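Student: Dropping the structure in here first, questions after.
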Amino acid sequence: MAIPTKVTIIGATGLIGQIILKALSSDASITVTVLSREESSNTIEFPAGVTVHKTNFSSSSLESLLRGQHVLISAVGGTAFTEQKKFIDAAIEAGVKRFIPSEFSTSSEDDAVIQLLPLFQQKRDIIDYLKEKEEAGLTWTGIATSGLFDWGLESGFLGFDIKTKSAVIWDGGATSFTLTNEKQLGKAVVSVVLRPEETKNRFLYIASVETTQNEVLKTLEDVTGSQWTVTETTTEEQVAEGREKLGAGDFSGAFALVRATAFGNITGLKTNYVKDQKLANGLLGLVMESIRETIERVAGV
1 MAIPTKVTII GATGLIGQII LKALSSDASI TVTVLSREES SNTIEFPAGV TVHKTNFSSS
61 SLESLLRGQH VLISAVGGTA FTEQKKFIDA AIEAGVKRFI PSEFSTSSED DAVIQLLPLF
121 QQKRDIIDYL KEKEEAGLTW TGIATSGLFD WGLESGFLGF DIKTKSAVIW DGGATSFTLT
181 NEKQLGKAVV SVVLRPEETK NRFLYIASVE TTQNEVLKTL EDVTGSQWTV TETTTEEQVA
241 EGREKLGAGD FSGAFALVRA TAFGNITGLK TNYVKDQKLA NGLLGLVMES IRETIERVAG
301 V
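Here the sequence shown stands for residues 1 to 301, numbered as in full-length UniProt numbering.
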């Protein structure tokens with residue numbers, strides 16, 4: 001019997017962390033450990049078999065808890081992107097072989113993304129730091145997913161409101177883009193963990209669907225049997241409004257800028273990973289998914 005791969009996750013209680021945790025803990029060849037802050041009052045029930053350690057996230061505590069682990073995955077949010085350098089240093093000292101940083105979104109390798117979301121420069125800095133540390137024996141894998149398709153539909157984040165049957169369409173809705181479903185994201189992480197040689201020191205792009213806003217709207221109308229109310233907008237309007245809100249201290253402005261990385265009509269922005277990047281679906285054993293089937297699942301049809 002093969003020895004299980006030992007994986008530790010930091011940030012397992014967030015949206016992305018929970019998706020990754022569910023996928024990893026469902027694979028019998030992987031043993032999972034979660035690191036949680038000592039003062040955390042989170043009441044999330046972790047899957048059976050997952051070990052949870054409380055820590056103050058000091059370097060010494062991290063090094064001790066990471067000894068014997070093969071992979072460290074960071075799913076931290078924006079307030080902790082820079083903290084990942086400490087995680088990386090501790091992983092090297094503990095002998096961890098692979099670090100998967102908190103990407104799991106639109107690509108920080110895209111200059112147009114950095115211009116829209118300067119915070120993502122911190123993500124790029126982490127990738128650069130990992131490249132510097134390759135000689136220390138720590139390998140890395142970055143995973144770019146763009147936005148989450150099924151979650152974005154269900155939550156309304158993508159601008160399609162299933163309850164009110166209304167949609168906000170950018171620039172006529174014809175720009176093509178890719179998005180990833182939750183389960184596909186989880187499968188990708190598991191695949192990276194189980195394919196260490198093929199995925200080491202690489203930035204990987206994955207996708208579940210290649211589509212346009214118009215196609216999503218048409219499919220939603222067809223699936224729900226209703227004509228939706230459409231509000232037209234432009235990239236310029238959305239970006240300007242998002243930046244104005246951020247400038248006033250309203251972080252919700254960042255949401256429009258995140259949507260712009262998928263829908264935006266911006267020179268140089270690589271929104272379609274199928275056409276604009278080298279898709280890693282084949283390498284990771286992933287397949288493109290059906291837009292209609294995803295919408296039917298989310299809409300409860």
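Backbone N, C-alpha and C fix where the C-beta goes; we use that ideal spot for every residue, glycine too. Just so we're clear, the structure is a prediction, and the values are computed from it rather than from any experiment.
1) Cα separation between lysine 85 and lysine 165?
2) According to DSSP, which residues form a beta bridge with tyrosine 205?
3) Candidates Leu158, Glu210 and Phe263: which alpha carbon is nearest arginine 292's?
4) Straight-line CA distance for glutamine 238 to serine 64?
5) Out of Thr175, Ile114, Asp89 and Thr145, which one is the CA nearest neighbour of serine 102?
6) Excluding the 5 residues flanking aspartate 171 on each side, which residues of the same chain have their C-beta closer than 7 Å to its C-beta?
7) For residue 377, which residues of its own chain have a beta-carbon under 7 Å away from its beta-carbon, when the five flanking residues on both sides are left out?
8) Could you pull out every residue in the same chain whose Cβ sits closer than 6 Å to the Cβ of methionine 1, ignoring the five residues on either side in sequence?
9) Out of Leu130, Gln121, Asn56 and Leu117, point me to the one whose CA is closest to alanine 91's CA.
10) Which runs of the alpha helix (DSSP H) spanning at least 4 residues fall entirely within the region 163 to 213, listed in chain order?
11) Does DSSP classify isoleucine 44 as helix, strand or coil?
12) Quick one, which of Val298, Gln115 and Lys187 has its alpha-carbon nearest leucine 286's?
13) Are the Cβ atoms of serine 62 and leucine 35 separated by less than 9 Å?
14) At what residue ranges does the region 88 to 146 contain a whole run of the alpha helix (DSSP H), taking only runs of 4 or more?
15) By Cβ distance below 8 Å, which residues in the same chain neighbour leucine 21 in space, the five residues on each side in sequence not counted?
16) Grouping DSSP H, G and I as helix and E and B as strand, with all else coil, what is phenylalanine 160?
17) What number of angstroms, rounded off, separates the C-alpha of phenylalanine 87 from the C-alpha of serine 59?
18) Would you mind sorting isoleucine 19 into buried or exposed? The rule is 16 or more other CB atoms within 10 Å of its CB.
19) Using the three-state DSSP reduction, which class does glutamate 39 fall into: helix, strand or coil?
20) For glutamate 83, name the three-state secondary structure that DSSP assigns.
21) From glycine 159 to glycine 68, what distance separates their C-alpha atoms?
22) Straight-line CA distance for threonine 261 to glutamine 227?
23) Helix, strand or coil, according to DSSP, for threonine 51 in the structure here?
24) Have a look at Ile162, Glu93 and Phe99 and flag the residue whose alpha-carbon is nearest the alpha-carbon of isoleucine 295.
25) On the three-pair Cβ rule with 8 Å, is the region 122 to 139 touching the region 249 to 263?
26) Do you know offhand how far isoleucine 143's Cα is from glutamate 132's?
27) Let me confirm a value: serine 290 is counted as buried when at least 16 other C-beta atoms fall within 10 Å, else exposed. Which label applies?
Tutor: In terms of the structure at hand:
1) By one-based count along the sequence shown, residue 85 stands at place 85. By one-based count along the sequence shown, residue 165 stands at place 165. Approximately 44 Å between the Cα atoms of the pair.
2) Residue mapping note: residue 205 aligns to position 205 of the sequence shown, counting from 1. DSSP, once it has assigned bridges, lists Ala144 and Leu279 as partnering tyrosine 205.
3) Locating residue 292 in the sequence shown gives position 292, where the first residue counts as 1. The shortest Cα separation from arginine 292 among Leu158, Glu210 and Phe263 belongs to Glu210.
4) In the sequence shown, the residue the question calls residue 238 occupies position 238. In the sequence shown, the residue the question calls residue 64 occupies position 64. Approximately 46 Å between the Cα atoms of the pair.
5) As a first step, residue 102 is located in the sequence shown; it is residue number 102 there, counting from the start. Comparing Cα-Cα distances from serine 102 to each of Thr175, Ile114, Asp89 and Thr145, the minimum goes to Thr145.
6) The residue you call residue 171 lines up with position 171 of the sequence shown. Within the same chain, aspartate 171 has close Cβ partners Thr234, Thr235 and Asn265.
7) An answer regarding residue 377 cannot be provided, because it is not within the stretch 1 to 301 covered by the chain.
8) Taking the sequence shown and counting its residues from 1, the one referred to as residue 1 is at position 1. The pLDDT assigned to methionine 1 is 42, lower than 50, so where the model puts this residue is not dependable; a value taken from the coordinates is nonetheless given after this. Excluding sequence positions up to five before and after methionine 1, its CB lies less than 6 Å from no other CB in the same chain.
9) For the purposes of this step, residue 91 is taken as the residue at position 91 of the sequence shown. Relative to the Cα of alanine 91, the nearest Cα in the group Leu130, Gln121, Asn56 and Leu117 belongs to Leu130.
10) Secondary structure in the region 163 to 213: the alpha helix (DSSP H) runs of 4 residues or longer, each lying completely within the stretch, are 182 to 194 in chain order.
11) Within the sequence shown, numbered from 1, the residue matching residue 44 stands at position 44. Judged by DSSP in its simplified three-state form, isoleucine 44 adopts coil rather than helix or strand.
12) The residue labelled residue 286 in the question sits at position 286 within the sequence shown. That would be Lys187, whose Cα lies nearest to the Cα of leucine 286.
13) Start at 1 with the first residue of the sequence shown, and residue 62 comes out as number 62. Start at 1 with the first residue of the sequence shown, and residue 35 comes out as number 35. According to the sequence provided, residue 62 is leucine. The question's serine does not apply to it. Taking 9 Å as the Cβ cut-off, leucine 62 and leucine 35 qualify as a contacting pair.
14) Listed in chain order, they are 111 to 116 and 121 to 132.
15) Counted from its first residue, the sequence shown places residue 21 at position 21. Once the five neighbours on either side are set aside, the close Cβ partners of leucine 21 are Ile9, Ala12, Val32, Val34, Phe46, Pro47 and Val50.
16) Counted from its first residue, the sequence shown places residue 160 at position 160. Assigned with DSSP and collapsed to three states, phenylalanine 160 falls in strand.
17) Working through the sequence shown from its first residue, we reach residue 87 at position 87. Working through the sequence shown from its first residue, we reach residue 59 at position 59. Phenylalanine 87 and serine 59: Cα-Cα distance of roughly 8 Å.
18) Here the question's residue 19 lines up with position 19 in the sequence shown. Isoleucine 19 is buried by the Cβ-count criterion.
19) Translated into positions along the sequence shown, residue 39 becomes position 39. When secondary structure is reduced to three states using DSSP, glutamate 39 falls in the coil class, being assigned neither helix nor strand.
20) Indexing the sequence shown from 1 puts residue 83 at position 83. Judged by DSSP in its simplified three-state form, glutamate 83 adopts coil rather than helix or strand.
21) For the purposes of this step, residue 159 is identified with residue 159 of the sequence shown, where counting begins at 1. For the purposes of this step, residue 68 is identified with residue 68 of the sequence shown, where counting begins at 1. Straight through space, the alpha carbons of glycine 68 and glycine 159 are spaced by roughly 44 Å.
22) For the purposes of this step, residue 261 is taken as residue 261 along the sequence shown, with counting starting at 1. For the purposes of this step, residue 227 is taken as residue 227 along the sequence shown, with counting starting at 1. Taken atom to atom, the span from the alpha-carbon of threonine 261 to that of glutamine 227 is near 27 Å.
23) Within the sequence shown, residue 51 is the residue found at index 51, counting from 1. If DSSP states are grouped into helix, strand and coil, threonine 51 belongs with the strands.
24) As a working note, residue 295 is residue 295 in the sequence shown. With distances taken between Cα atoms, isoleucine 295 lies closest to Ile162.
25) Here the region 122 to 139 does not lie against the region 249 to 263, with fewer than 3 beta-carbon pairs under 8 Å apart.
26) For the purposes of this step, residue 143 is identified with residue 143 of the sequence shown, where counting begins at 1. For the purposes of this step, residue 132 is identified with residue 132 of the sequence shown, where counting begins at 1. Roughly 18 Å separates the two Cα atoms.
27) Mapped onto the sequence shown, residue 290 falls at position 290. Exposed, by the Cβ-count rule.
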